[in-house]
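Trainee:
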Amino acid sequence: MKVAVVGYPNVGKSSLVNRLAQTREAVVHERPGITRDRKELPAEWNGRAFTLVDTGGVDLSEHDALSGSIREQARAALGEADLALFVVDARAGLRPGDEEVADLLRRATLPVILAANKCDGVSDIPLAAEFHRLGFGDPVPVSAVHGLGTGDLLDRVAAELPPEEEARGEEEGTVRLALIGRPNVGKSSLVNRFLGHDRVIVSDRAGTTRDAIDARLEAEGRTFILVDTAGIRRQAKVAGNDVEYYTTLRSREAAERADVALVVCDAQDGVTSQDLRVAELAMNAGCATALVLNKWDVAKDPDLAFERARVARKQRLRPRVLTASAKTGRHVGRLLVEAAALAERRGHRIPTSELNRFLADIAQARQPPAKQGHRLKLIYMAQIGMRPPRFAIQVNSRTRVTRDYAYFIENRLRRRFAMDGVPLIIDFNERAQRRGDVAERPRRRAGR
Numbered sequence: 109m110k111v112a113v114v115g116y117p118n119v120g121k122s123s124l125v126n127r128l129a130q131t132r133e134a135v136v137h138e139r140p141g142i143t144r145d146r147k148e149l150p151a152e153w154n155g156r157a158f159t160l161v162d163t164g165g166v167d168l169s170e171h172d173a174l175s176g177s178i179r180e181q182a183r184a185a186l187g188e189a190d191l192a193l194f195v196v197d198a199r200a201g202l203r204p205g206d207e208e209v210a211d212l213l214r215r216a217t218l219p220v221i222l223a224a225n226k227c228d229g230v231s232d233i234p235l236a237a238e239f240h241r242l243g244f245g246d247p248v249p250v251s252a253v254h255g256l257g258t259g260d261l262l263d264r265v266a267a268e269l270p271p272e273e274e275a276r277g278e279e280e281g282t283v284r285l286a287l288i289g290r291p292n293v294g295k296s297s298l299v300n301r302f303l304g305h306d307r308v309i310v311s312d313r314a315g316t317t318r319d320a321i322d323a324r325l326e327a328e329g330r331t332f333i334l335v336d337t338a339g340i341r342r343q344a345k346v347a348g349n350d351v352e353y354y355t356t357l358r359s360r361e362a363a364e365r366a367d368v369a370l371v372v373c374d375a376q377d378g379v380t381s382q383d384l385r386v387a388e389l390a391m392n393a394g395c396a397t398a399l400v401l402n403k404w405d406v407a408k409d410p411d412l413a414f415e416r417a418r419v420a421r422k423q424r425l426r427p428r429v430l431t432a433s434a435k436t437g438r439h440v441g442r443l444l445v446e447a448a449a450l451a452e453r454r455g456h457r458i459p460t461s462e463l464n465r466f467l468a469d470i471a472q473a474r475q476p477p478a479k480q481g482h483r484l485k486l487i488y489m490a491q492i493g494m495r496p497p498r499f500a501i502q503v504n505s506r507t508r509v510t511r512d513y514a515y516f517i518e519n520r521l522r523r524r525f526a527m528d529g530v531p532l533i534i535d536f537n538e539r540a541q542r543r544g545d546v547a548e549r550p551r552r553r554a555g556r
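Numbered per my numbering, the sequence shown spans residues 109 to 556.
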């Protein structure tokens, strides 16, 4: 069940969505026009589960391309919705923009509930009466800031929803795929190319995407949840009171809840230092990661071998570097194949017998280090976790494990089991001392 939340810009739609969904996921800012794409948030009231769809402010008097895209997103949300929640600003009174949105809703032919927002006190409630003229029944006075009237509004929503249907959750094997990267590298264009339609707004203006937008996709025999995120800029360029500060937080959160991250880069710039920092962010969040050089069709004199060598040198996890063009569709399907493979490897369990053969090969390929005449012994290895993979290696002494040798084991493990771009955790656990070992150590010291 979907409830599309629509209205004129800056009437408090996102604040109301956050209040009704009991979350802070929708970006809120005093500047109008912050919400652009439609964002879906789960909500529940009196046993009825539904999805709130936050949309950008609809202003039919604006004729630029971005405003047109926002209107199209709002229309698309209404086309998919079971119910519309029309939000107006009670303090501003009835405006021509509200009349225009009302006309749009009348053509949508679905039930409409009118919410008069910014009734922050009892004295403001009579202000809602003016909106009877719109023809959508009794307006519900509410305050997104203080919560006044939101219970009555949710009662109306639950009553107006059609009979409940079986909700479809995330099936086993669903891959949450986050597209992250610097602003204006083509993340939204890739999402739209994956889906085959304009699900998110694309503009030449950097920073168009403000929220993280989830979209479902069936491809390569798997179910993907695509997360298109706001562009990440250098921290020095993100002021604490700037809207981009909040969108950066959304992008980090998207990486933390994803299984796989595609770090989208601009092929015309190559893999920049900032791209590498974004990849590091994703891998620290536990995402399996690959880098995508988008706009490959317009790159001048590209050197893919150089870019791959640079990434391998700079990144411990050695993520793959792929090329694609969201504009032409070149190699876009291959990105989903790679994402599915990364998710598979991130959730794969390696048999203990294979790991111990690997451990024996490691000791033979490079002798373990020794300290003060005592050599490190690699005794036993097992996988103890998945998503991301976690391994435990039993050793005779943790103090003899050097950083270089730990990296050597990690790199060989990655190479043996094709886990490039997959975060690995390796614990070195010291075996409990046996009696023979304890008795033997003083004798060796005495003989020196």
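Backbone N, C-alpha and C fix where the C-beta goes; we use that ideal spot for every residue, glycine too.
In this text, all values refer to a predicted model and were calculated from it rather than measured experimentally.
#1: Just tell me which of L256, L287, R416, G329 has its CA closest to the CA of G281.
#2: Can you say whether E415 is buried or exposed, counting buried as having 16 or more other CB atoms within 10 angstroms of its CB?
#3: Is A535 helix, strand or coil when you go by DSSP?
#4: What is the rounded straight-line gap between the Cα of K422 and the Cα of R385?
#5: Only counting runs of 3 or more residues, tell me where the beta strand (DSSP E) segments fall wholly within the stretch 190-259, in order along the chain.
#6: Can you tell which of N154, R465, S381 has the C-alpha that lies nearest to the C-alpha of D260?
#7: Tell me the residue span of the alpha helix (DSSP H) that contains K295.
#8: Taking Cβ to Cβ, would you say L235 is nearer than 8 angstroms to D206?
#9: May I ask whether a heavy atom of the ligand MN can be found less than 7 angstroms away from the beta carbon of R465?
#10: Label S122 either buried or exposed according to how many other C-beta atoms from any shown protein chain fall within 10 Å of its C-beta, with 16 as the threshold for buried.
#11: Can you name, in chain order, every residue of its own chain whose Cβ lies under 7 angstroms from the Cβ of L486, other than the five neighbours on each side?
#12: Do D528 and R522 have their CB atoms nearer than 8 angstroms?
#13: Is DSSP giving R156 helix, strand or coil here?
#14: Count the other CB atoms, across all protein chains shown, that sit within 10 Å of the CB of D197; report buried if there are 16 or more and exposed otherwise.
#15: If you follow the alpha helix (DSSP H) that Y116 is in, where does it begin and where does it stop?
#16: Short check: CB of R156 to CB of A223, under 8 angstroms?
#17: On the three-state DSSP scale, how would you describe Q382?
#18: Restricting to runs no shorter than 4 residues, where is the alpha helix (DSSP H) found entirely within the stretch 391-464?
#19: May I ask you to report which of helix, strand or coil DSSP gives F525?
#20: Considering only residues of the same chain and omitting the five flanking positions on each side of A420, which have a CB-CB separation below 7 angstroms?
#21: So for D162, helix, strand or coil by DSSP?
Mentor: If we stick to the structure as given:
#1: In the sequence shown, the residue the question calls residue 281 occupies position 173. Looking at the Cα atoms, G329 is the closest of the given residues.
#2: For this step, residue 415 is matched to residue 307 along the sequence shown. E415 is buried by the Cβ-count criterion.
#3: Against the sequence shown, residue 535 aligns to sequence position 427. Per the sequence presented here, residue 535 reads as Asp, with Ala not at that position. Correct three-state label for D535: strand.
#4: Your numbering for residue 422 matches position 314 in the sequence shown. Your numbering for residue 385 matches position 277 in the sequence shown. In a straight line, the C-alpha of K422 is about 10 angstroms away from that of R385.
#5: 191-197, 220-225
#6: Here residue 260 refers to the residue found at position 152 of the sequence shown. Comparing Cα-Cα distances from D260 to each of N154, R465, S381, the minimum goes to N154.
#7: Start at 1 with the first residue of the sequence shown, and residue 295 comes out as number 187. Taken as a continuous stretch (DSSP letters only), the alpha helix (DSSP H) holding K295 covers 295-303.
#8: Position 127 of the sequence shown, counting from 1, holds the residue named residue 235. Position 98 of the sequence shown, counting from 1, holds the residue named residue 206. Taking C-beta atoms as the reference points, L235 and D206 fail to come closer than 8 angstroms.
#9: Questions concerning the ligand MN fall outside what the structure shown contains, since it holds no ligand whatsoever.
#10: Position 14 of the sequence shown, counting from 1, holds the residue named residue 122. Answer is buried; the Cβ neighbour count reaches 16.
#11: On the sequence shown, position 378 is the one that residue 486 refers to. Hits under 7 angstroms: L467, I470, A471, P476, I501, V503.
#12: The residue given as residue 528 occupies position 420 in the sequence shown. The residue given as residue 522 occupies position 414 in the sequence shown. Yes, they are a contact pair.
#13: Here the question's residue 156 lines up with position 48 in the sequence shown. Residue state, collapsed to three classes: strand.
#14: By 1-based counting over the sequence shown, the position of residue 197 is 89. Classification for D197: buried.
#15: Within the sequence shown, residue 116 is the residue found at index 8, counting from 1. Looking at the DSSP string, Y116 is not in any alpha helix (DSSP H), and its letter there is neither H nor E.
#16: Position 48 of the sequence shown, counted from the first residue, corresponds to residue 156. Position 115 of the sequence shown, counted from the first residue, corresponds to residue 223. It is not a contact, given that the beta carbons lie outside the stated cut-off.
#17: Locating residue 382 in the sequence shown gives position 274, where the first residue counts as 1. In the three-state DSSP reduction, Q382 falls in the helix class (H, G or I).
#18: Entirely contained in the stretch 391-464, the alpha helix (DSSP H) runs reaching 4 residues are, in chain order, 412-422, 440-454.
#19: Residue numbering aside, residue 525 sits at position 417 when the sequence shown is read from its first letter. Of the three classes helix, strand and coil, the one that applies to F525 here is coil, per DSSP.
#20: The residue given as residue 420 occupies position 312 in the sequence shown. Result list for A420: R426, in chain order.
#21: To locate residue 162, count along the sequence shown from 1; it is residue 54. DSSP places D162 in strand when its eight states are reduced to three.
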